[in-house]
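Beneath this line is the structure, given in structure tokens, with notes to follow.
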Amino acid sequence: MTKYKKPSRNFITYAAVILAFLICQLALSGMIDGFKMSRSLKGQLIPICVYIVMAVSLNLTVGISGELSLGHAGFMSVGAFSGILISQYLLHAFPEADLELVRLIVALGFGGLMAGVAGVLIGIPVLRLRGDYLAIVTLAFGEIIRNLINCIYFSVEGRGLNFSFLDPNLPGTMLINGPMGATGIKKLATFEAGFLLVMFTLIVVLNLINSRSGRAIMAIRDNRIAAESVGINVTKYRMLAFVVSAALAGMAGALYGLNYSTIQAVKFKFDTSILVLVFVVLGGIGNIRGSIIAATVLTVLPEMLRQFGTYRMLIYAVVLIVVMLASNNPTLSSMINSFTGKFRKNSEKEGDKA
Amino acid sequence: MIQFLSYLLNGISLGSVYAIIALGYSMVYGIAKMLNFAHGDVIMIGAYMSFCAIQYWNLPPILAILLAIVVCTVLGIVIERMAYKPLRKATSLSVLITAIGVSWFLQNIALLIWGANPKSYQSLVGFSALTLFDGQLHITGESIVTIAANIIIMIALTLFTGKTKMGKAMRAVSEDKGAAELMGINVNATISMTFAIGSGLAAIAGVLLCSAYPVLMPTTGSMPGIKAFTAAVFGGIGSIPGALIGGILLGVIEILGKAYVSTELGDALVFAVLIIVLLVKPTGLLGKKIHEKV
């Protein structure tokens, strides 16, 4: 039964994402009457894709691997700045070549690679710890990355790349300018690229979860000692989940960075990590589809609340608290269970027949 | 040498503020096993209350501080009752997210009431600065008061948890909630009491912090909050002397790092030291070692 059920569930996820993309495309082209996207909503399309990738990749660490990470934005910023660096370098070093698509792909790949490397470097010390201590160390690493990026200067001179740490005086055109961040970025991100990145993330994460490695990761989450005693290499699989998650966050960061003309490291502070964690928890820990929905709704929600003006973020905070209280309320959850219980029984019967 | 001494004193003074905030984190973590991310924002509310008391209502400094303490204590109890108590049996992640929601709520309330523009905080410390070594070493009144307040609070709290009935109840609850309940301890009241003490201390920390660094904004509390939280972990979360040592060490490292290494890297240095300490001693400097049962 499970053999049939799992792939079909994944298929629904893919289909839903593709359908949502097609509807957005139709709405963008104005083919649907009476359903026009507002300007602000259009501007949100790429950030929505970025946050979906962030939420799904964080869910791999928090939900599947069971490690609370509070520094996910750190990987995002590594990806963003290395992606911007390579795409801007290519732009300045080879100005005659018209290679937007190549630059975008190279930027995403390089961003993911560098974030993956950062994931390995950070994972080695972090994964020795457990529980709340692990959470705090990831928080600390997120802050360290932000501080370090504030001290990094890159400039391009002809085809040469200059680098300095703490010293802002470099010859040539500045690409990354310490606390001022990256400026003069050529926008490369498109909604289509965002959609493809979401699909890529889903394929990687869902296949990983359903693979042998994924089951090993979940076994470690459920009981580390038991998993170790049946011969699972605990360090290897925890590291695998952590690094894949970091690399995906780096790709999301690269796309995010290439969506703006200037970006600073402040953009990726602690609050951003927390925001993504909120998506994961509200969407359901370990539930990939939930993460996608929560990331979409919660990115659009502040825009929807714009009519409330200054009360907007206050309402957002209240909604967050109320949802958390309601979802943990025993009377309410038993009510929901009795309601969905009948529905679930029916679908299980159908599953048995199949 | 004198220069170094002056940096060291600044560091100890900043560290004392961290230590007072860290106490709130540490006590709440010890008892409720939750990371109370809203604690930093209680500091900010305390600072704003004392600011209003001085600026708009013309109260004397002592009354202003008392008002801030009372408001924050009540706020702490209300937050605990409204947001955290219904989640006693929920997963720690749900509680964490709720705490973040409370933190955003407090920041936005402050934004609505007092606006986004930073207010310049007038120091509540009446002391003039102390000058030693023929005017070479300058110790501000704020530093002296902060360090003194820190010492008094530490002694008072150690006596409270060691000698009084309520303090013993708090230790019992943090050790084993179920067993404490069986012994007739009112667990809910004890947890409320912990939040009340922690929030009251946060108000004092807010006044001291803003007296020394006089910029007051709705986000004033968040960075000191995170650093104090780091300090609590650094010293071993749940331990009162641990919070003291962690806080002061953190403050000294931050000030010395900013002075001698680089201003930009001061914070990075603090977090790097935390990571190294946790790798060598995974439960912090004075934390208890937890043995894992199979």
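Listed in order, the protein sequences are those of chains S and P.
Here this note's numbering is used: the first residue of the first sequence is 1, the next is one more, and so on.
Here this note's numbering is used: the first residue of the second sequence is 1001, the next is one more, and so on.
Idealized CB from N, CA, C, for every residue including glycine.
**OP:** Could you give the DSSP three-state label for residue 173 of chain S: helix, strand or coil?
**Re:** strand
Original post:
Using a Cβ cut-off of 9 Å, which residues of the region 299-310 of chain S contact any Cβ in chain P, in chain order?
Top reply: 310
**OP:** Give the residues of chain P in contact with residue 143 of chain S, contact being defined as C-beta atoms less than 8 Å apart.
**Re:** 1226, 1267, 1268 and 1271
Original post:
Got a sec, what are the start and stop residues for the beta strand (DSSP E) residue 160 of chain S sits in?
Top reply: 160-165
Subject >> residue 253 of chain S versus residue 324 of chain S - alpha carbon distance >> reply: 28 Å
Original post:
From residue 77 of chain S to residue 1280 of chain P, what does the alpha carbon distance come to, in whole angstroms?
Top reply: 28 Å
Original post:
Ordered along the chain, which non-local residues of its own chain (more than five positions away) have a Cβ less than 7 Å from that of residue 159 of chain S?
Top reply: 93
Subject >> CB contact check: residue 178 of chain S to chain P, cutoff 9 Å >> reply: yes
Subject >> Closer than 8 Å at the beta carbon, the chain P residues around residue 337 of chain S >> reply: Near residue 337 of chain S there are no residues of chain P at all, since even the closest Cβ is about 16 Å away, more than 8 Å.
Original post:
Along the chain, where does the alpha helix (DSSP H) that runs through residue 183 of chain S open and close?
Top reply: Premise fails: residue 183 of chain S is in no alpha helix (DSSP H) and is neither H nor E.
Original post:
Looking at the structure shown, is residue 1260 of chain P part of a helix, part of a strand, or coil, going by DSSP?
Top reply: helix
Subject >> Between the CA atoms of residue 1233 of chain P and residue 1178 of chain P - distance to the nearest angstrom >> reply: 25 Å
Original post:
Using a Cβ-Cβ cut-off of 8 Å (strictly less than) and excluding sequence neighbours within five positions of residue 361 of chain S, which residues of its own chain qualify?
Top reply: The displayed coordinates of chain S run from 1 to 354. Any statement about residue 361 of chain S would go beyond what the structure contains.
Original post:
Assuming residue 1299 of chain P and residue 1257 of chain P make a contact with CB atoms under 8 Å, what is their CB distance in whole Å?
Top reply: For residue 1299 of chain P there is no data in the structure shown, the boundaries of chain P being 1001 and 1294.
Original post:
For the candidate residues P:1035, P:1069 and P:1001, whose alpha-carbon lies nearest to that of residue 1197 of chain P?
Top reply: P:1069
Subject >> Neighbour-count burial assignment, residue 1175 of chain P, 16 or more Cβ in a 10 Å radius >> reply: exposed
Subject >> Close beta carbons around residue 1270 of chain P, own chain, < 8 Å, minus the five adjacent residues each side >> reply: 1227, 1230, 1250, 1253, 1254 and 1257
**OP:** Let me know the secondary structure DSSP gives residue 127 of chain S once reduced to three states.
**Re:** coil
Original post:
Buried or exposed: where does residue 1057 of chain P fall if 16 or more other Cβ atoms within 10 Å of its Cβ makes it buried?
Top reply: exposed
**OP:** Closer than 9 Å, Cβ to Cβ, to anything on chain P: give me those residues from the region 99-127 of chain S, in chain order.
**Re:** 125 and 126
**OP:** Kindly indicate which three-state DSSP category residue 1159 of chain P falls into: helix, strand or coil?
**Re:** helix
Original post:
Counting contacts by CB-CB distance shorter than 9 Å, is residue 1109 of chain P in contact with chain S?
Top reply: yes
Original post:
Distance, Cα to Cα, residue 348 of chain S vs residue 336 of chain S?
Top reply: Residue confidence is low: residue 348 of chain S scores 49 on pLDDT, short of 50, so the model does not pin down where it sits. Its coordinate-derived value is still stated next. Cα-Cα distance, rounded: 18 Å.
**OP:** Could you tell me whether the Cβ atoms of residue 189 of chain S and residue 46 of chain S are closer together than 9 Å?
**Re:** yes
Subject >> Minimum Cβ-Cβ distance from residue 222 of chain S to chain P less than 9 Å >> reply: no
Original post:
Exposed or buried, what is residue 308 of chain S when buried is set at 16 or more other beta-carbons lying within 10 Å of its beta-carbon?
Top reply: exposed
Original post:
Helix, strand or coil for residue 153 of chain S per DSSP?
Top reply: strand
Original post:
Which same chain residues, not among the five before or five after residue 1080 of chain P, have their C-beta less than 6 Å away from its C-beta?
Top reply: 1192 and 1195
**OP:** Can you grab the Cα-Cα spacing for the pair residue 1332 of chain P / residue 125 of chain S, in whole Å?
**Re:** Since the displayed chain P opens at 1001 and closes at 1294, residue 1332 of chain P lies outside it and no answer follows.
**OP:** Could you tell me whether any Cβ in chain S is nearer than 9 Å to the Cβ of residue 1258 of chain P?
**Re:** no
Original post:
In the region 4-60 of chain S, which residue ranges form an unbroken alpha helix (DSSP H) of at least 4 residues, counting only runs that do not cross its ends?
Top reply: 39-59
**OP:** Check the DSSP bridge columns for residue 1131 of chain P and list the partner residues they point to.
**Re:** P:1138
**OP:** Anything in the region 1082-1107 of chain P with a Cβ closer than 7 Å to a Cβ of chain S? List those residues in chain order, please.
**Re:** 1083, 1086, 1087, 1090, 1093, 1094, 1097, 1098, 1100, 1101, 1102, 1104 and 1105
Subject >> First through last residue of the alpha helix (DSSP H) which encompasses residue 1123 of chain P >> reply: Taken as a continuous stretch (DSSP letters only), residue 1123 of chain P belongs to no alpha helix (DSSP H), as it is neither H nor E.
Subject >> Beta-bridge pairing of residue 263 of chain S - partner residues as DSSP gives them >> reply: S:182
Subject >> Boundaries (first-last residue) of the alpha helix (DSSP H) holding residue 307 of chain S >> reply: Neither: residue 307 of chain S is in no alpha helix (DSSP H) and is coded neither H nor E.
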